[in-house]
Amino acid sequence: MARFVDNPSFPAGLRVIAIDHDIIVLNTIEDMCNRYHYQVTKCNSASDALYLLERKDCYDVMLIDAHMPNMDVYDFVQNATLQLNIPVIMMAVDSTKSSIMKSIEYGACTYWTKPLAEEEVKIMWQHVVRNGSTENKEYEIVGSLVVQECRKRGREDANASKETLAKKTSLSWSPELHQQFLCAVNQLGLDKARPKMILKIMDVPGLRVGHVASHLQKYRIHLKRSADETKRGRTKSKWSDSFQAEWIDKVHSYDFQTKSIDQDRNDNLIQTELADQDRNDDFLAEWIDCGTGSYLHNLMA
DNA sequence: GATGGAATAT
DNA sequence: TATATTCCAT
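Letter by letter, the first sequence follows residues 1 to 301 of the UniProt record's numbering.
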């Protein structure tokens, strides 16, 4: 975004990558973009798209056909948005509610029905501005996931695949995401919670079973350590204490103003608030004990 | 083959 | 350390 702030000619020069298997569509897009002095790169195959997107920071916005041959476009869009932090606009002839919803769910910022309306192209830059306003030096915010940019920039081979894009990011378990995780775990019961079910209950776009499995593993280790400490009579180890405090503090600072849309989650937050008012110290213990006492008991036995 | 979980790598 | 990935058992 910085490149636009002091640029009086903006949005002229907006860098657009258009991906569609149909050359005619690409040419139409190019014509329209030219009228507004956008700089267009046309691309009519999945492999070209991957190749062009290998280098980051080359485009401000991506237009992509929802039905590219030889490509799982939704998966691609998901990975591309995570990695590139640019707005993605999906295009298709059909505009059923389900396809629009799916596009948005996978990270597209909007969905255009073909043939494209010139007005849409004209105001395309607004999506870039909106996207940029959520920009942060360290994080990209994608849906409800926060993804840390990968620091390493290893060389990549030419046959870049979606994995190449996907592998560069790592998920950060924000307090709110952890909260959702806890809700799911408690709903299932800690002893019965399995990654796949947790994932299903959390229902967070882009979150994968591997993410959950890894987090669950860490979470169990934390619980076990905490239980061991208690067993040995040391009230609370500095370590587990700071872990608890960290989550609690972040949850507090995060969300009590921005209530969740999701009613379940809202309820959980309210529950959290009440627990906090009553006994701040016992907050996490109460929360964990809810339905998971037996697991803790087993650990401590 | 799908899944879960521990071990291991990054 | 946090998270991702691999490896092995079920």
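In this text, a Cβ means the ideal position worked out from N, Cα and C, and glycines have one as well.
Source: prediction; values computed, not measured.
| Check | Outcome |
| --- | --- |
| Cβ pair D65, H127 closer than 9 Å | no |
| Opening and closing residue of the beta strand (DSSP E) in which K114 lies | Per DSSP, K114 belongs to no beta strand (DSSP E) and is neither H nor E. |
| Element boundaries [beta strand (DSSP E), containing D72] | D72 -> no beta strand (DSSP E), and no H or E assigned at all. |
| At least three beta-carbon pairs within less than 8 Å, the segment 184 to 196 to the segment 207 to 217 | yes |
| Bridge partner(s) assigned by DSSP for Q39 | R15 |
| DSSP three-state assignment for residue 302, whether helix, strand or coil | The structure shown has nothing for residue 302, since the chain only spans 1 to 301. |
| Segment contact flag, the segment 42 to 52 with the segment 90 to 109, C-beta cutoff 8 Å, min 3 pairs | no |
| Among W112, E30, L188, L26, the one whose alpha carbon lies nearest that of G13 | E30 |
| Spatial distance of S172 from Y106 (CA atoms) | 18 Å |
| As assigned by DSSP and simplified to three states, the class of M91 | strand |
| Selected residue, minimal CA-CA separation from T74, among A46, R220, Y36 | The residue you asked about is not Thr; residue 74 is Tyr in the sequence shown. That would be A46, whose Cα lies nearest to the Cα of Y74. |
| R130 and P175 closer than 9 Å at C-beta | no |
| Top-ranked residue by Cα proximity to F10, from Y219, I89, M124 | M124 |
| Rounded Cβ spacing between Y36 and K102 (contact assumed at less than 8 Å) | At roughly 29 Å, the Cβ-Cβ gap does not stay under 8 Å, so Y36 and K102 are not in contact. |
| V185, enclosing alpha helix (DSSP H) - first and last residue | 175 to 188 |
| Under the three-state DSSP convention, the category I24 falls into | helix |
| Given Q179 as reference, the closest of G189, L188, M202, V25 once Cα atoms are compared | M202 |
| Boundaries (first-last residue) of the beta strand (DSSP E) holding M124 | Here M124 belongs to no beta strand (DSSP E), and DSSP marks it neither H nor E. |
| Status (buried if at least 16 other CB within 10 Å, exposed otherwise) for V16 | buried |
| Beta-ladder partner(s) of I64, from DSSP | I19, M90 |
| Separation of L116 from A18, as counted between CA atoms | 12 Å |
| Within 9 Å, strictly: CB atoms of H67 and A92 | yes |
| Cα-Cα separation between N186 and Q78, rounded to whole angstroms | 29 Å |
| Strand pairing of T110, partner residues [DSSP] | I89 |
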